[in-house]
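There are 2 protein chains.
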Amino acid sequence: MPDERRPRSVTRADVARYAGVSTAVVSYVLNDGPKAVAPLTRERVLDAVRVLGYRPNAAARALSKGAADMLGLLVNDNRNPFFAELCHALDQASAETGRSLLIVNSDRTQVTTSEQIRDLVSRQIGGLIIADVLTAREQALVESLGIPAVLIGPFGETDGLQSIGVDFCAGTRESTTHLIEHGYRDVAFVGSAARYDDRERGWREALVDARLAPGMLLHVPFSYQGGYDAGTRLADAERRPRAVVAASDQIAIGMLAAFGERGIRVPDDIAIVSFDGTVTADFVWPRLTTAVQPLEQMAAAAVRALLEPSPPGEHHAFPARLRIRESCGCRPGGGE
Amino acid sequence: MPDERRPRSVTRADVARYAGVSTAVVSYVLNDGPKAVAPLTRERVLDAVRVLGYRPNAAARALSKGAADMLGLLVNDNRNPFFAELCHALDQASAETGRSLLIVNSDRTQVTTSEQIRDLVSRQIGGLIIADVLTAREQALVESLGIPAVLIGPFGETDGLQSIGVDFCAGTRESTTHLIEHGYRDVAFVGSAARYDDRERGWREALVDARLAPGMLLHVPFSYQGGYDAGTRLADAERRPRAVVAASDQIAIGMLAAFGERGIRVPDDIAIVSFDGTVTADFVWPRLTTAVQPLEQMAAAAVRALLEPSPPGEHHAFPARLRIRESCGCRPGGGE
DNA sequence: CTGAAAGCGCTTACAG
DNA sequence: CTGAAAGCGCTTACAG
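Respectively, the protein sequence lines represent chains Z and P. For the first sequence, my numbering assigns the number 336 to the last residue and increments by one with no breaks. For the second sequence, my numbering assigns the number 672 to the last residue and increments by one with no breaks.
Given below as structure tokens:
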């Protein structure tokens, strides 16, 4: 028996020969076009494919068509729970259109993001999903490359690119109002200093609506550590707020750790609401009341935006939905 | 000005023309081989590349070479924090060899894992990393495809495939022993029923070493929910154990929620150690004492195993390192 | 050290 | 409805 390892894979020509047709016809039936094929011929081809175990070579197809059945995703760090969930949703959504997702983390030191974008494009991706903040230069690069692109995540809207997000302002306003309805008058906010982020504004507006004085405002990175640091500062404040709005679940969880460490009880000593609706928020104690982002819908919209692009600059904001749990002081499932 | 969108990209032929050489020479300099090129010619080519802003077409290259500069990764669910960190490490490791990572989640209902494997291979990936449990059929498929493959994660070793993991038995044995040294005599174990998982054995051996009676044993899925359920059962047990070994951080965190909900204090009422060393373990309260898996090293080893394959069946186990924090009853950073 | 040319496996006008 | 053939942009023996 000759060397059988990595058998030269069967090619379109083999299928054509076996079925007694031209390779063109094989293409037509496999791609359902662009030409019609007689039902009987079609059956013969399909049969040959089955018998031979034929699989098209995606690279050849990509070269020929000038486009691979792949989408690119640029994300800062797929370990961040929110982005991990977003990646997953995007993988699903793009798989539903028969495309694979090439995920690239931009938090790498050896390579610039521009390099990564160029690399993605050289792989003939059909579109680029950006779940990351881009510098003006980088965005200009993306626009000049001429491939469909869409921004997704908490990065606001921008001229020149389509974008998908949620209504952060309304979401935070609602959760802040919820806290106020619990009777807390002194409501702090912990979020990022990013100017594209509307969560701070939502919090502010809710306080104004309720004619409350502005609460304590802390800017930290979007991470457990950021939340932990904020929690520490809140705990040590001369007048500790009675409630706090966290801009993300991660921040809230970091705060929980800082509070736990100091014996500060949530929600009894300080109530918390947060944003995102990641799974982890449901498995800390107390469970987090959080504004849930509809990731599946957002992901589907992002993929759609690549396949049938809208005008650049167009922004689609989905509503967040407040999920009530224990951290705000409610007793869901308790005595309702 | 004519239509400038998506300018026909500059090709190797353009570069060759501009530099006044053949396309072969362009290839030689860009790939550093297989032929040598005169220094001056080389400069001319490099210059042309710069001036024209040339980028090789990866699809053409893949077709020509029969291999894309891509590695495939099959993972059950990239949202699981441990696997999210593993994905990230693998992305880094493969990027370091100039390859992109095509990540595919197998937790999809519309498509079989075998289909996903075939799809990956049709994209001409240079190797397949499997961070997932495979059925015998699926593994046979991988082997028959003849591409380099490696199993990574808590899935043990297997004939026919190279694999990378950590020494679960020793790791758990060490953490269990640590608990015992705290004076706890009644140590439970919460893990999976998987026969490839050696963590249960490590726990058992530590108890035997200490001449302790076997503790309570619970089998649950590797998830927050699994941990939560286990925590509930532990809490409701007629004789609640004094300490528990969790097979993963996620399980431990789920247990923490169940305990928190019932007012059971950790570590005062029940001490916990877990496994994995994910970031989240450091930001719950109490912080988890956990056996850390050296993900970067494991990822690098996995990529290496693809590029210079070892004999199938070969297994490389890395040691886990116990990270002491508060959940076991220690006071790290406290009064040491 | 360099070039002309075949080939990788597809897709798709162009004829019939 | 089907086929012969050019072309996608690379790589790499094969000559010189």
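Heads up, the beta-carbon is just placed ideally off N, CA and C, and yes, glycines get one too.
Closest by CA to residue i, which one among the options?
i	options	result
residue 233 of chain Z	Z:256, Z:249, Z:212	Z:256
residue 291 of chain Z	Z:122, Z:226, Z:175, Z:117	Z:175
residue 287 of chain Z	P:644, P:433, P:597	P:597
residue 437 of chain P	Z:280, Z:114, Z:119	Z:119
residue 130 of chain Z	Z:237, Z:116, Z:251, Z:195	Z:116
residue 619 of chain P	P:586, P:581, P:529, P:477	P:586
residue 194 of chain Z	Z:247, Z:150, Z:103	Z:247
residue 544 of chain P	P:509, P:555, P:557	P:509
residue 555 of chain P	P:548, P:660, P:525	P:525
residue 177 of chain Z	Z:24, Z:76, Z:17, Z:322	Z:322
residue 267 of chain Z	Z:280, Z:327, Z:25	Z:327
residue 121 of chain Z	Z:133, Z:134, Z:154, Z:70	Z:70
residue 132 of chain Z	Z:30, Z:310, Z:113, Z:239	Z:113
residue 380 of chain P	P:365, P:549, P:486	P:365
residue 153 of chain Z	Z:295, Z:331, Z:221, Z:12	Z:295
residue 483 of chain P	P:565, P:646, P:551	P:646
Within 8 Å (strictly less), CB to CB, does residue i reach chain Z?
i	result
residue 527 of chain P	no
residue 396 of chain P	yes
residue 555 of chain P	no
residue 629 of chain P	no
residue 407 of chain P	no
residue 460 of chain P	yes
residue 341 of chain P	Bear in mind that a pLDDT of 37 at residue 341 of chain P, under 50, signals an unreliable position, so the number given afterwards is only what the model happens to contain. It does: the Cβ of residue 341 of chain P has a partner Cβ on chain Z nearer than 8 Å.
residue 438 of chain P	yes
residue 589 of chain P	yes
residue 417 of chain P	yes
residue 593 of chain P	yes
residue 348 of chain P	no
residue 447 of chain P	yes
Is the separation between the beta-carbon of residue i and that of residue j shorter than 8 Å?
i	j	result
residue 165 of chain Z	residue 317 of chain Z	yes
residue 518 of chain P	residue 665 of chain P	yes
residue 629 of chain P	residue 613 of chain P	yes
residue 242 of chain Z	residue 204 of chain Z	no
residue 63 of chain Z	residue 396 of chain P	yes
residue 125 of chain Z	residue 160 of chain Z	no
residue 410 of chain P	residue 464 of chain P	yes
residue 472 of chain P	residue 516 of chain P	no
residue 606 of chain P	residue 580 of chain P	yes
residue 252 of chain Z	residue 274 of chain Z	yes
residue 527 of chain P	residue 505 of chain P	no
residue 84 of chain Z	residue 420 of chain P	yes
residue 99 of chain Z	residue 424 of chain P	no
residue 302 of chain Z	residue 104 of chain Z	no
residue 48 of chain Z	residue 19 of chain Z	yes
residue 280 of chain Z	residue 324 of chain Z	no
Quick one: does residue i have its CB under 8 Å from some CB of chain P?
i	result
residue 39 of chain Z	no
residue 222 of chain Z	no
residue 349 of chain Z	No answer is possible for residue 349 of chain Z: it lies beyond the span of chain Z, which begins at 1 and ends at 336.
residue 265 of chain Z	no
residue 309 of chain Z	no
residue 161 of chain Z	no
residue 108 of chain Z	yes
residue 57 of chain Z	yes
residue 300 of chain Z	no
residue 228 of chain Z	yes
residue 330 of chain Z	no
Determine the burial state of residue i: buried for a count of at least 16 other Cβ atoms within 10 Å of its Cβ, exposed for fewer.
i	result
residue 442 of chain P	buried
residue 199 of chain Z	buried
residue 643 of chain P	exposed
residue 590 of chain P	buried
residue 110 of chain Z	exposed
residue 51 of chain Z	exposed
residue 358 of chain P	exposed
residue 641 of chain P	buried
residue 667 of chain P	exposed
residue 265 of chain Z	exposed
Could you tell me which chain Z residues have their CB closer than 7 Å to the CB of residue i, listed as they occur along the chain?
i	result
residue 441 of chain P	88, 91
Which residues in chain P sit within 8 Å of residue i, going by Cβ to Cβ distance?
i	result
residue 231 of chain Z	In chain order: nothing, as chain P lies at least about 10 Å away.
residue 77 of chain Z	424
residue 85 of chain Z	415
residue 246 of chain Z	Result: empty, since nearest Cβ-Cβ is about 13 Å, beyond 8 Å.
Mind listing the chain Z neighbours of residue i? Cutoff is C-beta to C-beta under 9 Å, in chain order.
i	result
residue 597 of chain P	285, 286, 287, 326
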